[in-house]
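The block underneath contains the structure these notes are about, expressed in structure tokens.
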RNA sequence: GGGGUCGUAGUUCAGCUGGUUAGAACGCAUGCCUGUCACGCAUGAGGUCGCGAGUUCGAGUCUCGUCGGCCCCGCCA
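In this note's numbering, the protein residues as written are 6 to 587.
Structure (structure tokens):
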């Protein structure tokens, strides 16, 4: 078959303007819609830059040709650009139209299951199945254009700041800590496995030992864990590491990077970002990634609650419970039904329920059996606005804070200013937490995180009191990224591995190469990794990272387009020395 | 692993306390129509009610199981 002769495209459909009037042009595109008026036909032709109205006169084309054209047919049209008698103000190209002098069908299309315009009107299931059609949607086209631009801008910025883009292996070792690994069987060494990287952590530290001083990579990471709106099994990180610098210097670079990226949408980011120690974040917001757009925070009512004379509360207090609460402005007028729903929500979020208090028309009321004057006294003493709702939870301190935090997040949605950006550094994380299941210490961040120098003496005596030089970047309640200063001294790294309960043999086997590297002049270094997909989601105002990933997986980790994961042939399994358990 | 929610025409949905022939809109097909841009008008086709079992004289509707989408908890160093 002879190759089709495609005329050189001079201009995109969506780019035609009044200034092109009178020109003869050739455009390529997909039929977005058609309007047949008998002897006259209008075709809205779409390419990546937008729509253009093509006029087809009866005198020009045989009706047979038009019969073959339908939605999503691929056409090339040549003709003259003319000014419209009646412009369409809704179309950027609406001042002009193209009078067809030649039309060729380059590809026909079956009737599509949905049209590219209707992203919100189609189930996500169908969008996944026909992702290539879904991606024709102008909003999706915008998202991926923005993704491309953001990627370039991050690269250019980091290049200017002296960072080198260095690739690290995708095939490496499984890690004993952290998320579940995706394993890749070795054909040559049967029974041995590579793992896809959860992050390039060790490699980027080795690059610091190698003396590159400033490294970055925009790279794919893999974690075999359950999915969420902001979690996919493979995702992209902006990975950064630098030597001979402190956290303040790193923070400043990341802050400027954020300003750079958000400028793509004309959004001004004010610097520097707020900083909040982890402890304070938990106390005020019940989470380590608070959404600062919500205009109320968690308050402590433990001392006040002792005076209420409630058997329920008193019993809880005797068991060491704390009473944490939210004062929600203007919510005092919520209906009984709404308040019941709040209580139900508290249960669904993993709590026992929530107590409410408010001032009704006929005096103070509460779902807790306490005297109205006690509530009145509380409102008076705490200077709570008369129209505010008080929501309380009683539990051990941490669960109470977490539940109150979740309620704050849930109920605060209506109070958020969607346009506001609240960046936040959460700092001073504990180095370890106690893993109840495994009955041992676990790293809060990862095992390479450095403790504060002044806390090193506490490692043996009070390991849980040791603070790390670790930080998370949070934007509007989403964890955008996290990082830390790394341990660069062999002895300290060994010590931390031991505290994590790793056997010496295991340390040697898994991390021997790494510890060895620390023997040869490892510079002090620190770094951070930012979730590129999450960053784009927030930049574009999307609710899910699936909207910024071209071919994402469903929440049960399936690809509805390709059907992966799928079985493989017995021959492939044999070659790898793998037997599948039934 | 657990909780919630959804699954009916190509699509988005309606379908009451179980009852005769499962509807609407858009899309699609055919015809008419020379200034439409959500074109209009007329006619028509199109359904294993996700799948399987059960209860019942009778199931889109009730029960159980199962598969799939989404949200959340656990998990995500």
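For each residue, glycine too, the CB sits at the ideal point set by N, CA and C. Everything numeric in this text was worked out from a predicted model, so none of it was measured.
- Pairwise C-beta distances place the region 390-409 in contact with the region 291-307, as three or more of them are shorter than 8 Å.
- Contact between residue 425 and residue 298 holds, since their C-beta atoms are separated by about 5 Å, short of 8 Å.
- Fully enclosed alpha helix (DSSP H) runs of no fewer than 4 residues occupy 283-290, 307-310, 316-323 and 341-353 of the region 278-364, in order along the chain.
- DSSP places residue 387 outside both helix and strand once states are collapsed to three, so it counts as coil.
- Beta-carbon to beta-carbon, residue 168 and residue 528 are separated by about 15 Å, too far to satisfy the 8 Å threshold.
- Put simply, the region 391-405 touches the region 329-337. At least three CB pairs are less than 8 Å apart.
- According to the DSSP assignment, residue 190 belongs to the beta strand (DSSP E) that extends over 188-190.
- The criterion of a C-beta distance shorter than 9 Å is satisfied by residue 206 and residue 453.
- Within the same chain, 248 come within 6 Å of residue 218 by CB-CB distance, once the 5 residues on both sides are set aside.
- Beta-bridge partners of residue 530 (DSSP): 248.
- Per the C-alpha coordinates, the member of 556, 539, 536 and 532 positioned closest to residue 208 is 532.
- Closest option to residue 368, judged by alpha-carbon separation, among 360, 379 and 359: 379.
- Annotated as distal: residue 243 and residue 227, with beta-carbon spacing of 9 Å or more.
- DSSP places residue 114 outside both helix and strand once states are collapsed to three, so it counts as coil.
- Between the alpha carbons of residue 373 and residue 397 lies a distance of about 10 Å.
- If you look at residue 517, you'll find it in the alpha helix (DSSP H) that goes 509-523.
- Within a 10 Å sphere around the beta-carbon of residue 518 sit fewer than 16 other beta-carbons, which makes this residue exposed.
- Your pair residue 107 and residue 84 checks out as a contact, with CB atoms roughly 7 Å apart and the cut at 8 Å.
- With distances taken between CA atoms, residue 144 lies nearest to 53 out of 53, 166, 73 and 197.
- For residue 213, the secondary structure class from DSSP, reduced to helix, strand or coil, is helix.
- In this structure residue 557 does not touch residue 146 by the C-beta definition: roughly 16 Å separates them, more than the 8 Å allowed.
- Partner residues in the beta bridge of residue 223, as assigned by DSSP, are 243.
- Cβ neighbours of residue 119 within its own chain (closer than 6 Å, five residues either side excluded): 127.
- Each of 358, 279 and 49 was checked against the Cα of residue 105, and the nearest Cα belongs to 49.
- Spatial neighbours of residue 280 in its own chain (CB-CB distance under 7 Å, excluding positions within 5 residues in sequence) are listed in chain order as 430 and 432.
- For residue 145, no beta strand (DSSP E) encloses it; the enclosing alpha helix (DSSP H) starts and ends at 143-165.
- The beta-carbon separation of residue 214 and residue 522, rounded to 5 Å, stays under the 8 Å limit for a contact.
- With a threshold of 16 other beta carbon atoms within 10 Å, residue 470 falls short and is exposed.
- Under the 8 Å Cβ criterion, the region 53-63 counts as touching the region 9-22, having at least three qualifying pairs.
- Residue 241 counts as buried, since at least 16 other C-beta atoms from the protein chains shown sit within 10 angstroms of its C-beta.
- Residue range 68-73 is occupied by the alpha helix (DSSP H) that includes residue 71.
- Put simply, the backbone Cα of residue 130 is about 41 Å away from that of residue 515.
- Ranking 427, 202, 116 and 271 by CA distance to the CA of residue 183 puts 202 first.
- The C-beta of residue 116 has fewer than 16 other C-beta atoms within 10 Å across all chains shown, which makes the residue exposed.
- Residue 439 sits in a strand when the DSSP states are folded into three classes.
- Of the residues 403, 361, 399 and 353, the one whose Cα lies closest to the Cα of residue 384 is 361.
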